[in-house]
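Participant: Chains as they are written, first to last, in my numbering: chain A, 170 to 446; chain B, 10 to 334; chain C, 11 to 331; chain D, 1261 to 1586.
Got a structure for you, questions after.
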């Protein structure tokens, strides 16, 4: 049902095609990459047939690095986004549906984490847990779930006031039954925040690796940027190693953003919340 | 006024509570301060003991906590003891030397971000559906999802290398001595344009989208139709009637923005090697220099709380409903 | 005498992605100076769209397709934005239904009245404020509340402020779109009494729009009944009460909850869907005396008796012979 | 009516005993500043097979009383008894039985149905919750419920947004009736419906009352509609019941406020009569002292401003809270 609407919605089509494209690249990385990303050739070659995007200061082929890099970056992105979403919505649902006292405690707890800015906390926790992209995922989940919890909580609270939810309460359904009924109504919001969180996760993963806290044993768009930054390759005029990975992150972000807003439009259309005049 | 006292007391407890957590953070780290001192500088055994006494690490935990609170909460400027890495220098001095740069860069870009984001948001909402709004929105989404350090590099490549208009790095050209001469200030300004532009371009879109979507909601309100019926000019309606209500959420976003802004700050200072606190903190964390880290987090949390109170205050002034609520 | 407001053959539609919502389908209506004309219509009759169209306040996705609206002889539909500003609120003012948010919550009440005055008259702030104060006392609002914000006032008070704002420039036509629907019964009667008193004193002509036919019968000189974007019957209040001709008008009168009415009665069927309107007479699906003839032909609004217009084939045939 | 001595146990469905529902308003100070006294010490008992009309202006607390009866609002003081047990102490089977026997119809038909579900799913939810899971049985009950509210069975596949206001309200009634409850709290069921269709909804309610002898608490601000529909009328002002009468005494309202409501609805009464009653309903945060209506009442005497008039039985079944009839 939802797919039918998304196809009609221009933004949705762009978003899905971007997601599909990057997903494909990540899955088919071994076949698409022309060279072995770790093997080093002559440094700073320009764009040529063998090296579609030239090579970086260490002589590694930028194009194949890009392809392999997408695999981990997306994995970390979607993985931590899912983790954040699950943890965040659980807390959000719990504080919205339970007693005001419990709600107050949970909210104060999320406030404290919200007060501490994300990046320094990320850096701090990355230090504590040590490198490795699994740690990066854990770190991101811990620092970014309060935002989602807050969004889900306010959405559930406003839904609770709607008469059709109160009608269900009058029928004597338990909290668990209520959640089952509310899920389809917050699903669009969950999907939308999943896409938004994926953008933030990819960006923050890149930032961490850029600062040298990423997992050196793995290639991601972030580590590519790190090597480009450390090696100062741009001062020699070879801009591609810096521009290419960043551009991938941004295009992926734009696609996901459009996908998120398309999902929201579809929900509004489906429930006719949107009054014609 | 009582509303404020309540708000202040609540916030004060949150602040102290956060500081206490801050105190325990280094203790939780796998690499304890003593172990760090021992292997980092390969100091002999007794030197490490001497250092421990100097830093008061051998005292029981509770007295350390009390001492920490005593000279952080009640003494101004707070004293965090000595930095591990560059030992004789007190944490306070390190931070104070780097702080002005960061404050200058952050405050100016905060202002520019708010103004640029809100104004473009208002214009986009007003001219909804036109090509101009399409371009603005696409640009905003592009900048929103691009990592700030990557965008900084793009700016460097375009403005510093290709067009050679702005210097690619540093806070002021080394040739000039840091006195308050006009030349020095000119160079500082020229150096800060690219970093500020990088922060503004990544932070402004969140205001832009917020104000644009909020404006289109406010446009549907009945009092806009009343204003049009009264024959109020369209421009006045947009700026006086609609913008005022639409900017309320932007103000509250402004309050929570400090934290977000700092992330961008650190990245930009790393790329432009701008001598602010951001660069300092990255080195401090990488170097496990706990007192500096604590000092840094102290600043952020305090700044965050002050900003949220300022936003509440501004909110009350703008939105009468809260004042007479 | 020359009608102060003349609408002829007006068509307004909303182009939504669910289809074209034909809100107004060919309305012809005249309002004479000093007359209190009531427009009765239920949900889906297009009465509010008609009111907004007169002030050219229809915004996308709505559009005026055809027809003309003459205010003091000049056609509003052809006017540019600049000329409109000379008409809006100066010659035609409006009181909205949702008094709750028809006032800007972040501006003081007096300021919003002064704003209306100072757009059309070049006077300084102090004078405008004085004018606003007497207007407030004229509509029975304690001038001390002038500096309050809308959310500090009760529903009735807010509507009085709206009325004060509407009569600020002494317009010749006042449109009241369901002014009292959102208010309690008692406040409703007080607001109506205020409107009647102001009408007698300031001699503006009043177009009162409401779904409550009882209210219109009590308040207005003549009434036009709207159904599915068209006027189905128009006449003086006496004619409408004593011998309503159109089946819909008769149905509205019969469905009222009067103490002397014994049984509950309703018009059968449900309100018209303005996207897919039935062919021929729009009321056919709900009409007891409908026949196939009604489905084929589009009835016209014909003056069956002096100043008694009806849009129904059956009634027109009966009147001929 | 009130604490009758010989409470006929099986005839009363529900007893409301000195119910108080206050909403805290946290304004300036650190501690709670004041209370909105929505329902302030109301007692009534609901008997079988009777339609009760609960009338009052907006802000009189009538909706809050209705919501408290279906456990959507927790009482601050006093209690509501169902089968001689306090609602909020009901557990397990008793609670389930209460949920089955008391249902609610909401004011806004557009928001009272789950927009993502078809009519069939909306109707079958109550059955599903009360353990009727056999597919055919649910189908049969749903179709039967639809025919009772005079809607064709093909409405089952429709979505709420494809229906008109009147049709939706009928489906809400069907949903409330499907479990054959003993009491239905109807919160302004007719106020969002077109005037020309109100009659059908009222006729439907009366028919269903005779057929299933369910009782109704008909909450409304339209006194004329309620008067024709209900057998027992309760007039409520600022959280308190000011008059109780049976409808065969209709029209003979004694309390000045009830008279005012009646005049307001009847356009033959000249405006001057109504204009003599000053002002509007004040906020329930700071209710006036003594008789709450004294600030607007034309018969107000000094005693009205200090003392609260008790509900006095002027004639059998007719109670008034006003010193004129003390």
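Glycine included, every Cβ here is placed at the ideal spot set by N, Cα and C.
From a predicted model like this one, the values you see are computed outputs, not experimental measurements.
Quickly, what does DSSP pair residue 51(C) with across the bridge? List them, please.
Facilitator: Translated into positions along the third chain, residue 51(C) becomes position 41. The partner list for residue 51(C) (beta bridge, DSSP) is empty, contrary to what the question assumes.
Participant: Run the CB neighbour count on residue 1289(D), radius 10 Å, all protein chains shown included, and call it buried at 16 or more, exposed below.
Facilitator: Position 29 of the fourth chain, counted from the start, is the residue given in the question as residue 1289(D). With a pLDDT of 44 at residue 1289(D), under the threshold of 50, the modelled position of this residue cannot be trusted, and the question is left open.
Participant: For chain C, is any of its Cβ atoms less than 8 Å away from the one on residue 1537(D)?
Facilitator: In the fourth chain, the residue the question calls residue 1537(D) occupies position 277. Yes - at least one Cβ of chain C is within 8 Å of the one on residue 1537(D).
Participant: Of all Cβ atoms in chain B, is any one closer than 8 Å to the Cβ of residue 131(C)?
Facilitator: Here residue 131(C) refers to the residue found at position 121 of the third chain. Closer than 8 Å: no.
Participant: May I have the straight-line CA-CA distance separating residue 416(A) from residue 246(A), to the nearest angstrom?
Facilitator: What you label residue 416(A) is simply residue 247 of the first chain in a count that begins at 1. What you label residue 246(A) is simply residue 77 of the first chain in a count that begins at 1. Cα to Cα, the separation comes out at about 16 Å.
Participant: For residue 281(C), tell me which candidate among 292(C), 209(C) and 326(C) has the shortest Cα-Cα distance.
Facilitator: The residue given as residue 281(C) occupies position 271 in the third chain. Comparing Cα-Cα distances from residue 281(C) to each of 292(C), 209(C) and 326(C), the minimum goes to 292(C).
Participant: What residue does the beta strand (DSSP E) around residue 2(C) start on, and which one ends it?
Facilitator: Nothing in the structure corresponds to residue 2(C), since chain C is present only between 11 and 331.
Participant: With 7 Å as the C-beta to C-beta threshold (strictly closer), list the residues of the segment 242 to 260 of chain B near chain C in chain order.
Facilitator: So the list reads 250, 253 and 254, given in the order they occur along the chain.
Participant: Determine the chain D residues that contact residue 228(C) at a beta-carbon separation under 9 Å, and present them in chain order.
Facilitator: Within the third chain, numbered from 1, the residue matching residue 228(C) stands at position 218. The contacting residues are 1527 and 1528.
Participant: Ignoring anything shorter than 3 residues or poking outside the segment 1468 to 1529 of chain D, list the beta strand (DSSP E) runs there in chain order.
Facilitator: Qualifying beta strand (DSSP E) stretches, in chain order: 1475 to 1480, 1492 to 1497 and 1500 to 1506.
Participant: Could you tell me the alpha carbon to alpha carbon distance between residue 315(C) and residue 120(C), rounded to whole angstroms?
Facilitator: Sequence index remark: in the third chain, residue 315(C) carries index 305 (1-based). Sequence index remark: in the third chain, residue 120(C) carries index 110 (1-based). One C-alpha to the other measures close to 49 Å.
Participant: For chain C, check one thing: does any of its Cβ atoms lie closer than 8 Å to the Cβ of residue 149(B)?
Facilitator: Here the question's residue 149(B) lines up with position 140 in the second chain. Chain C, which has no Cβ nearer than 8 Å to the Cβ of residue 149(B), makes this no.
Participant: Let me confirm a value: residue 1265(D) is counted as buried when at least 16 other C-beta atoms fall within 10 Å, else exposed. Which label applies?
Facilitator: On the fourth chain, position 5 is the one that residue 1265(D) refers to. Unreliable placement is indicated for residue 1265(D), whose pLDDT of 35 sits below 50; the coordinate value is still reported in the next sentence. Exposed, because fewer than 16 other Cβ atoms sit within 10 Å of the Cβ of residue 1265(D).
Participant: Can you find the residues in the same chain that come closer than 6 Å, C-beta to C-beta, to residue 187(A), ignoring five residues on each side of it along the sequence?
Facilitator: For the purposes of this step, residue 187(A) is identified with residue 18 of the first chain, where counting begins at 1. Closer than 6 Å at Cβ, skipping near neighbours: 424.
Participant: At 7 Å on the CB atoms, spell out the chain B contacts of residue 261(A), in chain order.
Facilitator: For the purposes of this step, residue 261(A) is taken as residue 92 along the first chain, with counting starting at 1. What residue 261(A) touches in chain B: nothing, since even the nearest Cβ is about 18 Å away.
Participant: Tell me, please, whether the CB atom of residue 141(C) is closer than 8 Å to any CB atom in chain D?
Facilitator: Working through the third chain from its first residue, we reach residue 141(C) at position 131. Not one chain D Cβ lies under 8 Å of residue 141(C).
Participant: Just the Cα atoms here: how many angstroms apart are residue 89(C) and residue 43(C)?
Facilitator: Against the third chain, residue 89(C) aligns to sequence position 79. Against the third chain, residue 43(C) aligns to sequence position 33. So the two alpha carbons sit approximately 22 Å from each other.
Participant: Spatial neighbours of residue 21(B) within its chain, please: CB distance less than 6 Å, with the 5 preceding and 5 following residues excluded, ordered by chain position.
Facilitator: Residue numbering aside, residue 21(B) sits at position 12 when the second chain is read from its first letter. Counting only Cβ-Cβ distances below 6 Å, and skipping sequence neighbours, we find nothing.
Participant: Whole angstroms is fine: what's the gap from residue 1571(D)'s alpha carbon to residue 1505(D)'s?
Facilitator: Here residue 1571(D) corresponds to residue number 311 of the fourth chain, with the count starting at 1. Here residue 1505(D) corresponds to residue number 245 of the fourth chain, with the count starting at 1. Going from the Cα of residue 1571(D) to the Cα of residue 1505(D) covers about 12 Å.
Participant: Under a three-way DSSP split, which group does residue 448(A) fall into?
Facilitator: Summary: the structure shown does not reach residue 448(A), with chain A confined to residues 170 through 446, and so no result is reported for it.
Participant: Which chain D residues are close to residue 329(A), counting only those with a beta carbon under 7 Å from its beta carbon?
Facilitator: What you label residue 329(A) is simply residue 160 of the first chain in a count that begins at 1. Residues of chain D passing the Cβ test: none, with the nearest at roughly 11 Å.
Participant: Could you tell me the alpha carbon to alpha carbon distance between residue 243(C) and residue 255(C), rounded to whole angstroms?
Facilitator: Residue mapping note: residue 243(C) aligns to position 233 of the third chain, counting from 1. Residue mapping note: residue 255(C) aligns to position 245 of the third chain, counting from 1. The alpha-carbon atoms of residue 243(C) and residue 255(C) are separated by roughly 8 Å.
Participant: Is it the case that the Cβ atoms of residue 162(C) and residue 193(C) are separated by a distance below 8 Å?
Facilitator: For this step, residue 162(C) is matched to residue 152 along the third chain. For this step, residue 193(C) is matched to residue 183 along the third chain. Not in contact: residue 162(C) and residue 193(C) (Cβ atoms no closer than 8 Å).
Participant: From this set, 325(A), 335(A) and 362(A), which residue's C-alpha is nearest residue 1326(D)'s C-alpha?
Facilitator: Within the fourth chain, numbered from 1, the residue matching residue 1326(D) stands at position 66. It is 335(A) whose Cα lies nearest to the Cα of residue 1326(D).
Participant: Can you find a C-beta in chain B that's less than 8 Å from the C-beta of residue 400(A)?
Facilitator: Looking up residue 400(A) in the first chain gives position 231. Closer than 8 Å: no.
Participant: Counting only beta-carbon separations shorter than 8 Å, does residue 194(C) have a partner in chain D?
Facilitator: Here the question's residue 194(C) lines up with position 184 in the third chain. It does: the Cβ of residue 194(C) has a partner Cβ on chain D nearer than 8 Å.
Participant: Quick one: give me the first and last residue of the beta strand (DSSP E) that residue 315(C) is part of.
Facilitator: One-based indexing of the third chain puts residue 315(C) at position 305. Residue 315(C) -> beta strand (DSSP E) spans 312 to 315.
Participant: With 8 Å as the limit, tell me which residues of the segment 330 to 352 of chain A have their beta carbon closer than that to any beta carbon of chain D; keep them in chain order.
Facilitator: Against chain D - using a Cβ distance shorter than 8 Å - the residues of the segment 330 to 352 of chain A are 331, 332, 333, 335, 336, 337, 338, 339, 340, 341, 342, 346 and 350.
Participant: Distance check for residue 292(A) and residue 1378(D), CA to CA, integer angstroms please.
Facilitator: Stepping through the fourth chain from its first residue, residue 1378(D) is reached at position 118. Stepping through the first chain from its first residue, residue 292(A) is reached at position 123. Their backbone Cα atoms lie some 50 Å apart in a straight line.
Participant: Per DSSP, which one or two residues make a beta bridge with residue 1327(D)?
Facilitator: Within the fourth chain, numbered from 1, the residue matching residue 1327(D) stands at position 67. Per DSSP, none; premise fails for residue 1327(D).
Participant: Which residues, in order along the segment 50 to 64 of chain C, keep a beta-carbon less than 7 Å from a beta-carbon of chain D?
Facilitator: Against chain D - using a Cβ distance shorter than 7 Å - the residues of the segment 50 to 64 of chain C are 52 and 53.
Participant: Taking 8 Å as the limit between beta carbons, can you name the residues of its chain near residue 1558(D), skipping five residues before and five after?
Facilitator: The residue you call residue 1558(D) lines up with position 298 of the fourth chain. Contacts found: 1516, 1536 and 1537.
Participant: Are residue 202(A) and residue 239(A) closer than 8 Å when you measure CB to CB?
Facilitator: Looking up residue 202(A) in the first chain gives position 33. Looking up residue 239(A) in the first chain gives position 70. For residue 202(A) and residue 239(A), no; Cβs fall outside 8 Å.
Participant: Does residue 1465(D) pass the burial test, meaning 16 or more other C-beta atoms within 10 Å, or should it be called exposed?
Facilitator: Here residue 1465(D) refers to the residue found at position 205 of the fourth chain. Burial call: buried.
Participant: Using beta carbons (cut-off 8 Å, strictly below), is residue 14(C) in contact with chain B?
Facilitator: Taking the third chain and counting its residues from 1, one reaches residue 14(C) at position 4. Taking Cβ atoms only, chain B never reaches closer than 8 Å to residue 14(C), which makes this a no.
Participant: So, is the C-beta of residue 324(B) closer than 8 Å to a C-beta in chain C?
Facilitator: Numbered from 1 along the second chain, position 315 holds the residue referred to as residue 324(B). Chain C contact via Cβ: absent.
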